[in-house]
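Working notes, beginning with the structure itself.
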Ligand SMILES: [Ca+2]
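Residue numbers (mature numbering (1 follows the signal peptide of the UniProt record, and there is no 0)): -28 to -1, 1 to 461.
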């Protein structure tokens, strides 16, 4: 599957679609396309049957067959919050100041444990589409700050970022995907809901569709909790994988992914029932790599690492003007905002001038040369940064004597600014021929390594230098630290 390249017929079809578009005015009766993003949480590159994995995914498979499947698509970061910040803004997440996951506020106390959020000074995809006349709605996991806001955590909320409606949770579904108790609707807690999170989220999205204004296009950002822990899956699906010989933990995980696929199927069926399939762009992806028992396939590493397994994720998209085929162009979640701006015919060029780029010309021409390389950064885990330029992937690190941690303290902000200059160890991989990153070319290609290292340091220094400085973070002293239970490589 990874050897496949773009289908020639898809290119011809796409070029024809473009030439048709340019040949005359769009019919007055034609609305802008609806846009739907379906985001999985911690789903690995090797989990879905669609990507050669063990979890049955017939509905995602159908979506892929209708449109584009990308083999080299990346999350913006190897962990939830910065990944979502990049997706929402089209920016490298380093510039948003969200360098690791945002710790969830404990419901029983309001401490300054995690005073980090997506600033409403950064324009988002939802704001772009709302300004273009779309109805906008968020469903599921938020994880870009406190949700709902509180007096001690007065963080921007979905409406501050362009969403007309929001039904979801601050971070994971709690206590698990089964019968979650932590959903809120438009800022008001709704109490326990019976069922599984993926189905609950889709039920609410379908209900929204039924009451929408049919004369105005819509944007759905549906951020599923599956298959992030703590997982829970329907018994009948678990049994199927247990009977197929998987151990209990793996069976529950695979059942969880299949339940996610089933929920997506119900949503796609609802679109079809409302005759919306032909007018709706549907994009499916994951926010970062997996943790065990999830699978990154043959990619190296997993969640929390900037090796491929932590950042490369499944991606399929279908709908108006999405070419059909399997594509190997390097692409990222930061490209979605510029791509959607083009698909939705948003006239303001400012939306195209993000760190991400519109993917349409790349899919059309099979170009691989982006104006800027893709860059990843993750706080306090080694390696600390990576860059992809063409088929080269550079992985950068330095020996950080401080313990690994997920949490960011006040003192860390100065350390982060110094990190680009400290990077002194580089690995270089030809990712097309060495997708599992086992053959380090750095010693054999010193000039290339040096050039890419300089580029990476420059981009990181620029982006990190623009980030907000958080004023209310606690001190590192006494901070909980995790040293032992992180993946090493
Ligand atoms: Ca995640």
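Cβ coordinates follow ideal geometry from the N, Cα and C atoms, glycine included.
Nothing here was measured: the structure is a model prediction, and the numbers come from that model.
{"Check": "Quick one, what's near ligand 1 if you take every residue whose CB is closer than 5 Å to any heavy atom, in chain order?", "Outcome": "13, 14, 52, 259, 260"}
{"Check": "Give the range of the alpha helix (DSSP H) segment to which residue 434 is assigned.", "Outcome": "418 to 438"}
{"Check": "Which of the three DSSP states is assigned to residue 255 in this structure?", "Outcome": "strand"}
{"Check": "Report the partner residues of residue 56 according to the DSSP bridge assignment.", "Outcome": "DSSP, once it has assigned bridges, lists no residue as partnering residue 56."}
{"Check": "Do you know how far the Cα of residue 28 is from the Cα of residue 443?", "Outcome": "46 Å"}
{"Check": "Any chance the segment 399 to 408 sits against the segment 16 to 31, with 3 or more Cβ pairs inside 8 Å?", "Outcome": "no"}
{"Check": "Can you check which of these residues, 439, 195, 187, is closest to residue 169 by C-alpha distance?", "Outcome": "195"}
{"Check": "From residue 284 to residue 51, what does the alpha carbon distance come to, in whole angstroms?", "Outcome": "12 Å"}
{"Check": "Would you kindly check if the distance between the Cβ of residue 153 and the Cβ of residue 197 is under 9 Å?", "Outcome": "no"}
{"Check": "Where does residue 140 fall in DSSP's three states?", "Outcome": "strand"}
{"Check": "Taking the alpha carbon of residue 395 as the reference point, which residue from 17, 65, 422, 273 has its own alpha carbon closest?", "Outcome": "422"}
{"Check": "Among 418, 89, 145, which residue has its Cα nearest to the Cα of residue 66?", "Outcome": "89"}
{"Check": "Checking the sheet assignment: what are the DSSP bridge partners for residue 367?", "Outcome": "358, 399"}
{"Check": "Using the rule of at least 16 other Cβ atoms within 10 Å of the residue's Cβ for burial, across every protein chain shown, is residue 317 buried or exposed?", "Outcome": "exposed"}
{"Check": "CA-CA distance, residue 462 and residue 192?", "Outcome": "The displayed coordinates of the chain run from -28 to 461. Any statement about residue 462 would go beyond what the structure contains."}
{"Check": "Let me check understanding here. Comparing Cα to Cα, which of 415, 414, 322, 232 lies closest to residue 167?", "Outcome": "232"}
{"Check": "Enumerate, from N- to C-terminal direction, the unbroken alpha helix (DSSP H) stretches of 4 or more residues contained entirely within the segment 275 to 347.", "Outcome": "280 to 283, 308 to 315, 332 to 337"}
{"Check": "Under a three-way DSSP split, which group does residue 444 fall into?", "Outcome": "coil"}
{"Check": "Any idea which residues DSSP pairs residue 41 with across the strands?", "Outcome": "288, 298"}
{"Check": "Using a Cβ-Cβ cutoff of less than 7 Å, which residues in the same chain neighbour residue 263 once the five nearest sequence positions on both sides are dropped?", "Outcome": "14, 274, 275"}
{"Check": "Whole-angstrom Cβ separation of residue 202 and residue 147, contact assumed at under 8 Å?", "Outcome": "7 Å"}
{"Check": "Can you tell me which of the three DSSP states residue 449 falls into?", "Outcome": "coil"}
{"Check": "Which residue or residues does DSSP assign as beta-bridge partners of residue 148?", "Outcome": "DSSP output for residue 148 lists no bridge partner at all."}
{"Check": "List the whole-angstrom C-beta distance separating residue 328 from residue 40, where the pair is believed to meet the contact cut-off of C-beta under 8 Å.", "Outcome": "Going by Cβ atoms, the distance from residue 328 to residue 40 rounds to 16 Å, so no, they are not a contact pair."}
{"Check": "Please determine, among 48, 33, 34, the residue with the shortest C-alpha to C-alpha distance to residue 260.", "Outcome": "48"}
{"Check": "So, is residue 173 buried or exposed, given that buried needs 16 or more other C-beta atoms within 10 angstroms?", "Outcome": "buried"}
{"Check": "From residue 348 to residue 438, what does the alpha carbon distance come to, in whole angstroms?", "Outcome": "16 Å"}
{"Check": "In terms of DSSP beta bridges, what is residue 6 paired with?", "Outcome": "252"}
{"Check": "So, for residue 282: in the same chain, excluding its five sequence neighbours on each side, which residues have a beta-carbon less than 7 Å away from its beta-carbon?", "Outcome": "50, 260, 261, 273, 274, 275, 276"}
{"Check": "Answer yes or no: do residue 326 and residue 310 have a C-beta to C-beta separation smaller than 9 Å?", "Outcome": "yes"}
{"Check": "Less than 7 Å between C-beta atoms, sequence neighbours within five positions excluded: which residues of the same chain meet that for residue 408?", "Outcome": "270, 271, 272"}
{"Check": "Could you give the DSSP three-state label for residue 179: helix, strand or coil?", "Outcome": "helix"}
{"Check": "Does the Cβ-Cβ distance between residue 34 and residue 351 come in under 9 Å?", "Outcome": "no"}
{"Check": "What's the C-alpha gap between residue 53 and residue 215?", "Outcome": "36 Å"}
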